[in-house]
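Engineer: Just dropping this structure here.
Numbering (our numbering), first residue to last: 1028 to 1497.
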């Protein structure tokens, strides 16, 4: 450590009224208590062990161990894919597509009329394959079986076949016909032909003729389509999923879905990545709490810092409170019973001990300081912290108001009862705030939870009686 840092540290210790001969010892104890405080803040007794299997019931209720956010890449990809599909293809028209389609139809039907005239003259005993091959050596808009069926039609019907088919093709040509919807449009031809007043054989020939004559009139601009779809997909913001500390992810006994399993694994991964940041944050909180406590003690009571034993006792009480509070909160999380933490909260008992062993003002300050630390520990269970603070304040005031002429044990017991009353009232207040109406209130459940506050006060008195040296 440099001389400048040594000078600053020595000046601070002198300002704290720590004797020169005790400064080294004081620093060692301070560093030890500070390290313990950081460890207590970092360690999570409840832990986060998502030991589940997809498709199987969850063995316990699982809650988020801290406020955590992550990008759901699967959901983001799904939404972007949906958005891409919503963008229609960009088409470029084929030059004179309708004219080419009608020209092709006219050329075929001109040969078809000549074929029909000669086919009608052909003896029935003679096979028509050679005649078909001579008229339609290449592409044909009608299958050979349908060309043979032309024998059943009259000349007027053939003329109607050509005229009506051409009109249908011309109407269909007004639509956008691409490679993607060509088959769909061909399937719609049947509906148009069914309305024509002719027999089934005639309709079958017309349907096939029109279907085969239809050609695409646009071509997809794949590059421009891809650009527009990519732009639409990029406009979709990543799906960010946020879980508050203590938020329930899955209930005990509920079947673990694929999404539940993904969330649990993602949170576990994020927890592993955030360990260093968590350590740094807790380090700074602990440093702030220790510095504020030292400054307050220097300004309020100079004697505590000159006597290492008193400061050690205060530090032990604070560390014990925080460790037990974290354990109580963890038990409430593990068993999914938030009010269990209220029964086990150590803050009122420690506040009573601080008041008896040190001073009411010092106890009150450190109770609020510990309450702030408990907010960090039990972020998802605010009731636990608030009720603990009310109970602790009631204990401090009850002891300060008590007559010292009474028996010490009776005084402690009386203070414990007052702690219990204050805690019970606070519990009842929260229950009333959470209730929708009197008719829906479960009075048996309310009585049990209110009794938790009273039992905590009694336990606080018993604990103070057991710890206090007589």
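Here a beta-carbon is modelled for each residue, glycine too, at the ideal position from N, C-alpha and C. The model shown is predicted, which means the values in this text are computed figures rather than measured ones.
Note down, one range per segment and in chain order, each alpha helix (DSSP H) of at least 4 residues found wholly within the region 1198-1225.
Structural biologist: 1209-1221
Engineer: Helix, strand or coil: how does DSSP classify residue 1305 here?
Structural biologist: helix
Engineer: Straight-line CA distance for residue 1177 to residue 1226?
Structural biologist: 13 Å
Engineer: Can you tell me whether DSSP reads residue 1079 as helix, strand or coil?
Structural biologist: coil
Engineer: What does the Cβ neighbour count give for residue 1267, buried or exposed, with the cut at 16 atoms within 10 Å?
Structural biologist: exposed
Engineer: If you compare alpha carbons, which of 1438, 1322, 1372 and 1155 is closest to residue 1041?
Structural biologist: 1322
Engineer: Spatial neighbours of residue 1220 within its chain, please: C-beta separation below 8 Å, excluding the five flanking residues on both sides.
Structural biologist: So the list reads 1195, 1230, 1233, 1234 and 1237, once near-sequence residues are dropped.
Engineer: Could you tell me how far apart the beta carbons of residue 1379 and residue 1426 are, in whole angstroms, since I believe they sit closer than 8 Å?
Structural biologist: 6 Å
Engineer: Sort 1187, 1324, 1124 and 1482 by Cα distance to residue 1440 and report the nearest one.
Structural biologist: 1482
Engineer: Would you mind giving the Cβ-Cβ distance between residue 1490 and residue 1376, rounded to the nearest angstrom? I have them listed as a contact below 8 Å.
Structural biologist: 4 Å
Engineer: According to the Cβ coordinates, are residue 1422 and residue 1412 closer than 8 Å?
Structural biologist: no
Engineer: Can you tell me where the beta strand (DSSP E) holding residue 1122 begins and where it ends?
Structural biologist: Premise fails: residue 1122 is in no beta strand (DSSP E) and is neither H nor E.
Engineer: Pick helix, strand or coil for residue 1155, following the three-state DSSP scheme.
Structural biologist: coil
Engineer: To the nearest angstrom, how far is it from the Cα of residue 1475 to the Cα of residue 1038?
Structural biologist: 55 Å
Engineer: Identify every run of the beta strand (DSSP E) within the region 1331-1392, keeping only runs that are complete inside it and at least 3 residues long; order them along the chain.
Structural biologist: Within the region 1331-1392, no complete beta strand (DSSP E) segment of 3 residues or longer occurs.
Engineer: Inspect the beta-carbon positions of residue 1404 and residue 1356 and report whether they are closer than 8 Å.
Structural biologist: yes
Engineer: Looking only at C-alpha atoms, which of 1374, 1361 and 1336 sits nearest to residue 1350?
Structural biologist: Out of 1374, 1361 and 1336, 1374 has the C-alpha closest to the C-alpha of residue 1350.
Engineer: Who are residue 1269's beta bridge partners in DSSP?
Structural biologist: 1096
Engineer: Can you name the start and end residues of the beta strand (DSSP E) that residue 1498 belongs to?
Structural biologist: There is no way to answer for residue 1498, as the model of the chain reaches only from 1028 to 1497.
Engineer: Alpha carbon to alpha carbon, what distance is there between residue 1204 and residue 1212?
Structural biologist: Approximately 8 Å, taken between the alpha carbons.
Engineer: Where does residue 1249 sit, in a helix, a strand or coil, going by DSSP?
Structural biologist: DSSP places residue 1249 in helix when its eight states are reduced to three.
Engineer: Quick one: is residue 1060 buried, meaning 16 or more other Cβ sit within 10 Å of its Cβ, or exposed?
Structural biologist: buried
Engineer: Can you tell me which of the three DSSP states residue 1171 falls into?
Structural biologist: helix
Engineer: Considering only C-alpha positions, which residue in the set 1069, 1389, 1304 and 1122 is nearest to residue 1340?
Structural biologist: 1389
Engineer: Between residue 1172 and chain B, is the shortest Cβ-Cβ distance under 8 Å, so that the two count as touching?
Structural biologist: The structure shown contains no chain B; it is built from a single protein chain.
Engineer: Can you tell me where the alpha helix (DSSP H) holding residue 1461 begins and where it ends?
Structural biologist: Counting along the chain, the alpha helix (DSSP H) containing residue 1461 begins and ends at 1435-1461.
Engineer: Under three-state DSSP, which class holds residue 1046?
Structural biologist: coil
Engineer: Please look up how many angstroms separate the CB atoms of residue 1294 and residue 1287, rounded, as I've assumed it's under 8 Å.
Structural biologist: Contact flag wrong, Cβ pair sits at about 11 Å.
Engineer: Give every residue of the same chain whose Cβ lies closer than 7 Å to the Cβ of residue 1171, excluding the five residues on either side of it in the sequence, and list them in chain order.
Structural biologist: Excluding sequence neighbours, residue 1171 sits near 1159.
Engineer: Can you have a look at residue 1154 and say buried or exposed, based on whether 16 or more other CB atoms are within 10 angstroms of its CB?
Structural biologist: exposed
Engineer: Can you check DSSP and say which residues form a bridge with residue 1089?
Structural biologist: 1277
Engineer: Which value, in whole angstroms, describes the spacing of the CA atoms of residue 1450 and residue 1325?
Structural biologist: 32 Å
Engineer: So, under 8 Å CB-CB, residue 1263 and residue 1209 are touching, yes? Tell me the CB distance rounded to an integer number of Å.
Structural biologist: Not a contact, Cβ separation roughly 31 Å.
Engineer: Could you check if residue 1035 is buried or exposed, using at least 16 other CB atoms within 10 Å of its CB as the buried criterion?
Structural biologist: exposed
Engineer: Could you spell out where the alpha helix (DSSP H) holding residue 1165 opens and where it closes?
Structural biologist: Element bounds for residue 1165: n/a, residue is neither H nor E.
Engineer: Tell whether a beta-carbon distance below 8 Å holds between residue 1429 and residue 1438.
Structural biologist: yes
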